[in-house]
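Residue numbers (my numbering), protein chains in the order written: chain A, 428 to 640; chain B, 428 to 640.
Every residue gets a Cβ at the ideal spot worked out from N, C-alpha and C, and that includes glycine.
Note sheet for the following structure.
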């Protein structure tokens, strides 16, 4: 039976946080994995950018109540993370659904939301470099890894900023479906996969805000 | 005045072909560049995958008639390329609008559509590795480059498969807004930019179809 991956949309999510991983996950045949788009309310959800540029809208097929059982949860980051930290419906949805999911995965500042929900307590996790302190300030019970492309803590997998989500997605695919499947998907997308979770070329950017953009 | 980038959606477009470049372009402040989503008809347009997996839908803000003047046109590839080659409305839109655009850029098999429209004749261009022959069979008046991450032919810029579109987008940003702006955007997205257009790690995959996915 196919696994179901729920991609969680919220206003101001970061485009590549979502669609980098989904490019890799949708390369799997639908009898192995099915992607569903979920948000607090079904219908269009607009992405965001740190530059405040207008961004595309993506359609959520399910709201939190109607979403099917999820084997994998994919939570992006983005400028919308900050208001999302105060969204009890989102936090409760994640708390409830993560219990039954095989893997709950976040990209970028998405781990700040998971940490706020208390879901990363007692686990090792990472976040994006530009606002690392946003995540780490949500819980001091998390073993925050500053130098990590992604961290696989078993039921929770967290990645560093934006494009690191692609590498994490391939690692999850390798774990669930085999290394050769992940290799083939990366190759098909002509993507030079960063295969080492601990190799982090961007660690020097820690908490460096982008001021001139 | 801000440049306007028109991202062209069609049924079965490839997710990362579109949202890799748009991640980079939407990092520019909106007083420098504005992204608009355009399709034959406004409203939801569904992405596609070679695996036939169900994919997300994205909203086109404008149809071909209502689209504003476009300084940059971004055309993705994907499984939808094959029916798109027969879509005269799309081909005519591209032919008409490319004349006034500063840059018309394609990702992956999007260059097959540009070639079919005759827009690449007399120019150097590239395409994705997995279906290179799909593009090259559209016109023998194009100087098809098999070994290229992307090809900058001035008014037309074409990239190789899927993730190569991100590198091409950064190169276009560097050309239009300066190298340091592009560097900063890549760094903010924690993206290891392939900066050399001629360095192509995937050339050995030429026309190798993915059979087992």
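Tell me whether residue i is buried or exposed, calling it buried when 16 or more other Cβ atoms sit within 10 Å of its Cβ.
| i | result |
| --- | --- |
| residue 441 of chain B | buried |
| residue 444 of chain B | buried |
| residue 638 of chain A | Low per-residue confidence applies at residue 638 of chain A: pLDDT is 41, beneath 50, and the placement is therefore not dependable, though the value from the model is reported in the following sentence. Exposed: under 16 other Cβ atoms inside 10 Å. |
| residue 488 of chain A | buried |
| residue 632 of chain A | buried |
| residue 591 of chain B | buried |
| residue 429 of chain A | exposed |
| residue 464 of chain A | buried |
| residue 557 of chain A | buried |
| residue 478 of chain B | buried |
| residue 555 of chain B | buried |
| residue 450 of chain B | buried |
| residue 586 of chain B | buried |
Just the Cα atoms here: how many angstroms apart are residue i and residue j?
| i | j | result |
| --- | --- | --- |
| residue 617 of chain A | residue 629 of chain B | 6 Å |
| residue 508 of chain B | residue 536 of chain B | 7 Å |
| residue 613 of chain B | residue 593 of chain A | 15 Å |
| residue 546 of chain B | residue 460 of chain B | 24 Å |
| residue 518 of chain B | residue 436 of chain B | 13 Å |
| residue 439 of chain B | residue 559 of chain B | 18 Å |
| residue 454 of chain B | residue 480 of chain A | 7 Å |
| residue 596 of chain A | residue 447 of chain A | 8 Å |
| residue 522 of chain B | residue 510 of chain B | 17 Å |
| residue 640 of chain B | residue 456 of chain A | Note on residue 640 of chain B: pLDDT 35, under 50, position unreliable in the model; no value is reported. |
| residue 525 of chain B | residue 540 of chain B | 13 Å |
| residue 604 of chain A | residue 499 of chain B | 39 Å |
| residue 527 of chain A | residue 544 of chain B | 50 Å |
| residue 552 of chain A | residue 572 of chain B | 43 Å |
| residue 570 of chain B | residue 531 of chain B | 17 Å |
| residue 483 of chain B | residue 486 of chain A | 7 Å |
| residue 607 of chain B | residue 598 of chain B | 11 Å |
| residue 575 of chain B | residue 494 of chain A | 43 Å |
What are the boundary residues of the beta strand (DSSP E) that residue i is part of?
| i | result |
| --- | --- |
| residue 584 of chain A | 583–586 |
| residue 579 of chain A | 577–579 |
| residue 434 of chain A | 430–435 |
Please compile the residues from chain A whose C-beta is within a distance smaller than 8 Å of the C-beta of residue i.
| i | result |
| --- | --- |
| residue 438 of chain B | Neighbours of residue 438 of chain B on chain A: none; closest Cβ ~14 Å, over 8 Å. |
| residue 555 of chain B | 617 |
| residue 629 of chain B | 614 and 617 |
| residue 467 of chain B | In chain order: nothing, as chain A lies at least about 17 Å away. |
Need the endpoints of the alpha helix (DSSP H) that residue i sits in, please.
| i | result |
| --- | --- |
| residue 615 of chain B | 606–615 |
| residue 628 of chain A | Counting along the chain, residue 628 of chain A falls outside any alpha helix (DSSP H), and DSSP gives it neither H nor E. |
| residue 510 of chain A | 508–511 |
Can you pull the chain B residues whose beta carbon is under 7 Å from the beta carbon of residue i, in chain order?
| i | result |
| --- | --- |
| residue 496 of chain A | The contacting residues do not exist; residue 496 of chain A stays about 17 Å from chain B at best. |
| residue 503 of chain A | The contacting residues do not exist; residue 503 of chain A stays about 11 Å from chain B at best. |
| residue 446 of chain A | 442, 443 and 446 |
| residue 634 of chain A | Chain B residues near residue 634 of chain A: none, gap ~13 Å exceeds 7 Å. |
| residue 616 of chain A | 443, 588, 589 and 590 |
| residue 464 of chain A | 483 |
Which chain A residues sit within Cβ distance under 9 Å of residue i?
| i | result |
| --- | --- |
| residue 461 of chain B | 480 and 481 |
| residue 563 of chain B | Result: empty, since nearest Cβ-Cβ is about 17 Å, beyond 9 Å. |
| residue 513 of chain B | None at all; the shortest Cβ gap to chain A is about 24 Å. |
Determine the chain B residues that contact residue i at a beta-carbon separation under 9 Å, and present them in chain order.
| i | result |
| --- | --- |
| residue 455 of chain A | 476, 478, 480 and 640 |
| residue 430 of chain A | What residue 430 of chain A touches in chain B: nothing, since even the nearest Cβ is about 12 Å away. |
Since residue i meets chain A, which of its residues come closer than 7 Å, beta carbon to beta carbon?
| i | result |
| --- | --- |
| residue 526 of chain B | Those do not exist, as residue 526 of chain B stays about 26 Å from chain A at its closest Cβ, beyond 7 Å. |
| residue 603 of chain B | The premise fails here: residue 603 of chain B is roughly 15 Å from chain A at the closest Cβ pair, so nothing lies under 7 Å. |
Against residue i, what residues of chain B qualify as contacts under a CB-to-CB distance less than 8 Å, listed in chain order?
| i | result |
| --- | --- |
| residue 486 of chain A | 471, 483, 484, 485 and 486 |
Where in the region 437–501 of chain B do unbroken runs of the beta strand (DSSP E), each at least 3 residues long, occur, reported from the N-terminal end onward? 460–465, 470–473 and 484–487
For the region 517–586 of chain A, list the alpha helix (DSSP H) runs that are entirely contained and at least 4 residues long, ordered along the chain. 537–543 and 559–563
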